[in-house]
Each structure stands twice: as structure tokens, then as C-alpha cells.
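Engineer: Structure provided below as C-alpha cells; questions to follow.
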Ligand code: UDX
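Numbering (our numbering), first residue to last: -13 to 433.
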């Protein structure tokens, strides 16, 4: 008989996972403690912008024309307990206020609410990013609270989805990692992921701590790659080299690889920054803090790039103060194809210049609403052209395709000064220079 699946927490990860499970053919019941989130999803809408996700939801949420009807929502824990053979826990683990460690309260409360309703054989599968050692503790919690006793079990199955590619990454992952304690748990997860595994996705079976560590170490490696190239950008700048060429050249070595070597204003978002900090905090608790002190440097190289961008802008404007200078900022989200502004380097730079007296006008294709909520005192324009109108300098801070396709000549007509600073090294310098602009990238020669 086909497995029945529940998904607990319908944020980024959960909403995508629930829709993907329905796409793979399972009956899915998803729960969230926030009523409004569920009501939105029932209307086939998502609280965030994620390409392809609304379409996928509408293909499966009950009530849409032609939908499979395999995806339903609830707020009733008893219903979830009675329904599911496999329960995926997808709640978030944000950074604790004022600390590096992550906040486990949502995971704990999800387990505390679910476990007393596990009266029949069930596998609870944690997907949230947690400090190593959590799964062991949560397994004991299930053992204490679940009426099914040993028939209710835990497994850990970290999620690697990228915002902007969430649907693709969930349906066709690079790899599936499962931390399990029994053959039954492994067999159930093989059944859940039969389709992607059949398409060739590697299926890696580990113990609990390794599964938890795979996620944090993968994110640490990615963060390290970005900070490495940003450190090289600083050296290139001092030595008059070109970090873009350097990245291309080292990237041909396939031990290094060319991905994640784009220098610029650095990484942000809801994952990389908080995950490396939580990892350092956890290593400290385990007495292994020395092993991860390098991550402190990775974090500080990353945060330094935001300040470097501000200084680059100041210098390019002739030094001195930003008072009375008009700055156009293209991009507000932490990366393109997302409306997420959490810890966004772009907004951070815009905010710093604004706080130093600059008149900042921001435009972003999808992130305007979230940006305005977070930084209501910045100026906002309805298009790139309007943001650039009257500007003394244009800062390109999130590499949306729309910005690469801008016409430098048309923008030149409305800008006060043709000065473009590319905080993502993603624009074509030649194109802008030909249209009479002064182009400055990060870690790239002036002209
Ligand atoms: C990341 C991981 O990639 C994903 O596997 C994990 O599950 C969650 O965290 P995401 O937060 O969506 O995903 O963003 P990602 O695509 O990794 O980009 C992170 C940040 O790094 C962005 O701000 C991006 O602009 C920046 N970045 C990326 C660079 O500055 N240079 C690069 O070369 C690549």
C-alpha cells in the first residue's frame, strides 16, 4: 500500500517538500500552527516568491481544477498522527537573539505535539537544520511520549534546497542523506525517495550525528568558498589584479571547480550566515571549538565586504560624506529569483549609506514589499530606470537577470553621473564603458 506522508511546518522547506511529495505520488497531509499560512496554501498561493512552487501546489492541492487532490492541510495534530506513516518535520531553526546558537524551540514543540499522537507504527523524519546531537535527544523524546513505543522511530534527512531552485532541488536532489537507526527506517526512506533514486540520485546512509553534520559542513564549505574568493578580491584590489579572471582560471582545475567563486558583497540569507554561527557554537559545546575557529574568519571576511562596498561607493563619489548624494541601489534580496531579504548584503549596504546621509533609492524585481517592511525609511522606485533617475551613482547589489539586460545607454540618459558600481561582478564592464559609464567591480581593475 502506498505510504501516507505528513509534513509539519509549511514554510519554505515544508511547503516545497509537501508539494514535491504529492508530485511523487503520495497522499500528503501538511500541518502548520499558523492558520494564515495554511489558508494561503489552500488557495494555491505561497507566502514567498519561489519559481514553480505555486504551479506545483495547484497541481496537487485539493479543490483546483485538474488537481490530483493528493495534498491537504490541517491544524489538527491528532489527524496528523492518525494519517501518517512517515512524518517530515520541516520547521525552522533561526539564530537565537543575541547568540550564535540556533533556536530549537520550534522543533521541540513540533515533536512534543506530534509524539503523543503516534499510536501506530510511524517514522518521524527530521529535515530542519539542527546542531549535531539533536536527533539523539529527539529520539529519546519520541520513545518517552509515543503510545506506539518502539514502533515510532526517528530518522534524520537533511535538506539542501537552494532558494530560487527549491522545486528542482527537492524533486531532483544532488544527493539524499539519511541518518537511521534501523533497517526499517532505511527501507521506508528508500520507498519515499524511490523516484529520485531511480533517476540516479545517490542515497547515502549514515548514523544520526553524521547526517546532522553533513548539512552544516556543506554550508560551511560553501561559505568558505565565497569568503575565499572575496579575500582574493581584496588582494587583487591591492595588487591591481582581476579576481574575475583569477576565479575563471582556478575554476578550470576540477578539484577546485568554478561554482561559488563569484566575488562580490558576499553571502546572506536565512541559511549560510546562521548555520556557520550555530556550527561554531555547537563545536564549542562539544569541546571542538578550535576545529572551527576558521569559520569566524569566514564570517568576518563576509561581513567586511558590505563595508568595502560602502567605501568603494564613497571613494568613487570623490571621498567624504554621502550627505546629499543620490544613490540608486539595484537589488534588495540576498540573491536573485527570491523575495527573501533576510540578512541581505544588498539591503545592508543600502541601509549603511542611508544612515550616513545618502539619499538611497532601491529597486528590486521581487523583494520590494519585504524590503520596505524591513527598511521603511529607504526610498523605493517602481523600476530600475526610475531608481537611476537623477542618481550620482548606481550600485548593482543583487544579480538579477533583469539588471544584466538593462540598456546602459537608456539609463545613462536619466542618471546625473554615469557611475556604476557592480557589487556582484555580474555586469559586462565593456558594455557599460562603451555607453560612457565609469564601471567599478570588486577586486577588478579600474579600467
Ligand atoms: C544555501 C545552500 O546553497 C543550500 O544548499 C542550503 O540548503 C541553504 O543555504 P541559499 O541560502 O538558497 O542556499 O543560497 P545560495 O544559493 O547558497 O547563496 C547564498 C549567498 O551566497 C547569496 O547571498 C549569494 O548571492 C551568495 N553567493 C553565492 C556569492 O556571493 N558568490 C557565489 O559565488 C555564490
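Built from N, CA and C at the ideal position, the CB exists for glycine as well.
Bear in mind the structure is a predicted one, so any value in this text is a computation, not a measurement.
#1: Would you call residue 92 buried or exposed, if buried means 16 or more other Cβ atoms sit within 10 Å of its Cβ?
#2: Using only the alpha-carbon positions, how far apart do residue 114 and residue 7 sit?
#3: Using 8 Å as the threshold, is the stretch 17 to 24 in touch with the stretch 55 to 75, meaning 3 or more CB pairs across them?
#4: Do three or more CB pairs link the stretch 154 to 172 to the stretch 136 to 145 at distances below 8 Å?
#5: Tell me whether residue 38, by its Cβ, gets closer than 7 Å to a heavy atom of the ligand UDX.
#6: Suppose you measure from the CA of residue 53 to the CA of residue 227; what does that come to, to the nearest Å?
#7: With distances taken Cα to Cα, identify the nearest neighbour of residue 204 among 40, 145 and 412.
#8: Among the residues of its own chain, which have a CB less than 8 Å from the CB of residue 30, if the five just before and after it don't count?
#9: Helix, strand or coil: which one does DSSP assign to residue 349?
#10: I believe residue 314 touches residue 383 by the beta-carbon criterion, under 8 Å. Please report the beta-carbon distance rounded to the nearest angstrom.
#11: Does the separation of the CB atoms of residue 423 and residue 407 fall below 8 Å?
#12: Take residue 208 as the anchor and find which of 184, 273 and 284 has the nearest alpha-carbon.
#13: Could you check whether the Cβ of residue 495 sits closer than 7 Å to any heavy atom belonging to the ligand UDX?
#14: With distances taken from CA atoms, which of 150, 410 and 393 is nearest residue 419?
#15: Under the criterion of a Cβ to heavy atom distance below 7 Å, does residue 253 qualify as lining the ligand UDX?
#16: Flag residue 411 as yes when its Cβ comes closer than 7 Å to any non-hydrogen atom of the ligand UDX, and as no otherwise.
#17: With residue 343 and residue 316 assumed to form a contact (beta carbons below 8 Å), what rounded beta-carbon distance in angstroms separates them?
#18: Please state the DSSP three-state secondary structure of residue 73.
#19: Taking 7 Å as the cut-off, is the beta-carbon of residue 260 closer than that to any non-hydrogen atom of the ligand UDX?
#20: Does the beta-carbon of residue 148, which I'm using as the reference point, lie nearer than 7 Å to any heavy atom of the ligand UDX?
#21: So, with DSSP's three-state summary, where would you put residue 222?
#22: Whole angstroms are fine: how far does the CA of residue 353 sit from the CA of residue 324?
#23: Could you name each continuous beta strand (DSSP E) segment of 3 residues or more that falls completely within the stretch 33 to 82, going from the start of the chain to the end?
#24: In whole angstroms, what separates the C-alpha of residue 340 from that of residue 296?
#25: Is residue 293 near the ligand UDX, judged by its Cβ being under 7 Å from some heavy atom?
#26: Would you list, in sequence order, the uninterrupted beta strand (DSSP E) runs of no fewer than 3 residues that lie entirely inside the stretch 222 to 252?
#27: Give a yes or no on whether 8 Å exceeds the smallest Cβ distance from residue 241 to chain B.
#28: Just to check, is the beta-carbon of residue 234 closer than 7 Å to a non-hydrogen atom of the ligand UDX?
#29: Can you tell me the Cα-Cα spacing of residue 121 and residue 332, whole angstroms?
#30: Identify the continuous beta strand (DSSP E) that holds residue 297 and give its terminal residues.
#31: Does the beta-carbon of residue 222, which I'm using as the reference point, lie nearer than 7 Å to any heavy atom of the ligand UDX?
#32: Would you kindly check if the distance between the Cβ of residue 75 and the Cβ of residue 186 is under 8 Å?
#33: DSSP state of residue 408, grouped into three classes?
#34: Assuming residue 328 and residue 256 are in contact, meaning their beta carbons sit under 8 Å apart, how far apart are those beta carbons, in whole angstroms?
#35: Are at least three pairs of beta-carbons, each pair with one atom in the stretch 179 to 196 and one in the stretch 222 to 241, less than 8 Å apart?
#36: Return yes when at least one heavy atom of the ligand UDX lies under 7 Å from the C-beta of residue 244, else no.
Structural biologist: The structure says:
#1: As a first step, residue 92 must be located in the chain shown, where it is residue number 106. Under this definition residue 92 is a buried residue.
#2: Your numbering for residue 114 matches position 128 in the chain shown. Your numbering for residue 7 matches position 21 in the chain shown. Distance between the alpha carbons of residue 114 and residue 7 is about 17 Å.
#3: yes
#4: yes
#5: In the chain shown, counting from the first residue as 1, residue 38 sits at position 52. No; taking the cut-off as 7 Å, the Cβ of residue 38 has no heavy atom of the ligand UDX nearer than that.
#6: Within the chain shown, the letter at position 67 stands for residue 53. Within the chain shown, the letter at position 241 stands for residue 227. One C-alpha to the other measures close to 55 Å.
#7: By one-based count along the chain shown, residue 204 stands at place 218. Closest by alpha carbon: 145.
#8: In the chain shown, counting from the first residue as 1, residue 30 sits at position 44. Cβ neighbours of residue 30 beyond the five flanking positions: 40, 43, 44, 47 and 50.
#9: Here residue 349 refers to the residue found at position 363 of the chain shown. Reduced to three states, the DSSP call for residue 349 is strand.
#10: Indexing the chain shown from 1 puts residue 314 at position 328. Indexing the chain shown from 1 puts residue 383 at position 397. Not really, about 10 Å apart at Cβ, beyond 8 Å.
#11: Position 437 of the chain shown, counting from 1, holds the residue named residue 423. Position 421 of the chain shown, counting from 1, holds the residue named residue 407. No; because the gap between Cβ atoms is not below 8 Å, this pair is not in contact.
#12: Taking the chain shown and counting its residues from 1, the one referred to as residue 208 is at position 222. The candidate whose alpha carbon is nearest that of residue 208 is 284.
#13: Within the shown structure, residues of the chain are numbered from -13 to 433, placing residue 495 beyond reach of any answer.
#14: Here the question's residue 419 lines up with position 433 in the chain shown. Looking at the Cα atoms, 393 is the closest of the given residues.
#15: Counted from its first residue, the chain shown places residue 253 at position 267. Correct: residue 253 has its Cβ closer than 7 Å to the ligand UDX.
#16: Counting from one through the chain shown, the residue named residue 411 turns up at place 425. The answer is no for residue 411.
#17: Along the chain shown, read from residue 1 onward, the residue named residue 343 stands at position 357. Along the chain shown, read from residue 1 onward, the residue named residue 316 stands at position 330. With 8 Å as the limit, residue 343 and residue 316 do not qualify as a contact, their Cβ atoms being about 21 Å apart.
#18: Here residue 73 corresponds to residue number 87 of the chain shown, with the count starting at 1. The answer is strand: DSSP assigns residue 73 an E or B state.
#19: Start at 1 with the first residue of the chain shown, and residue 260 comes out as number 274. No, since every heavy atom of the ligand UDX falls outside the 7 Å radius drawn around the Cβ of residue 260.
#20: Translated into the one-based positions of the chain shown, residue 148 becomes position 162. Because some heavy atom of the ligand UDX lies under 7 Å away, the Cβ of residue 148 counts as near it: yes.
#21: Taking the chain shown and counting its residues from 1, the one referred to as residue 222 is at position 236. In the structure shown, residue 222 sits in a helix (DSSP, three-state: H, G or I).
#22: To locate residue 324, count along the chain shown from 1; it is residue 338. To locate residue 353, count along the chain shown from 1; it is residue 367. Taking the straight line from one Cα to the other gives about 7 Å.
#23: 57 to 60 and 72 to 75
#24: Counting from 1 along the chain shown, the entry for residue 340 is found at position 354. Counting from 1 along the chain shown, the entry for residue 296 is found at position 310. Their Cα atoms are separated by approximately 10 Å.
#25: On the chain shown, position 307 is the one that residue 293 refers to. Result no, Cβ not under 7 Å from the ligand UDX.
#26: none
#27: Absent from the structure is chain B; it holds one protein chain and no more.
#28: Reading the chain shown from its first residue, position 248 is the one you call residue 234. Answer for residue 234: no, Cβ out of range of the ligand UDX.
#29: Position 135 of the chain shown, counted from the start, is the residue given in the question as residue 121. Position 346 of the chain shown, counted from the start, is the residue given in the question as residue 332. If I take the Cα positions, the gap works out to 35 Å.
#30: Counted from its first residue, the chain shown places residue 297 at position 311. Note, residue 297: premise wrong, no beta strand (DSSP E); alpha helix (DSSP H) at 279 to 302.
#31: As a working mapping, residue 222 is identified with position 236 in the chain shown. Outside the cutoff, so no.
#32: As a working mapping, residue 186 is identified with position 200 in the chain shown. As a working mapping, residue 75 is identified with position 89 in the chain shown. Contact: no.
#33: On the chain shown, position 422 is the one that residue 408 refers to. Correct three-state label for residue 408: strand.
#34: Stepping through the chain shown from its first residue, residue 328 is reached at position 342. Stepping through the chain shown from its first residue, residue 256 is reached at position 270. That belief holds up - the Cβ atoms of residue 328 and residue 256 are roughly 4 Å apart, short of 8 Å.
#35: no
#36: Mapped onto the chain shown, residue 244 falls at position 258. No, the ligand UDX has no heavy atom inside 7 Å of this Cβ.
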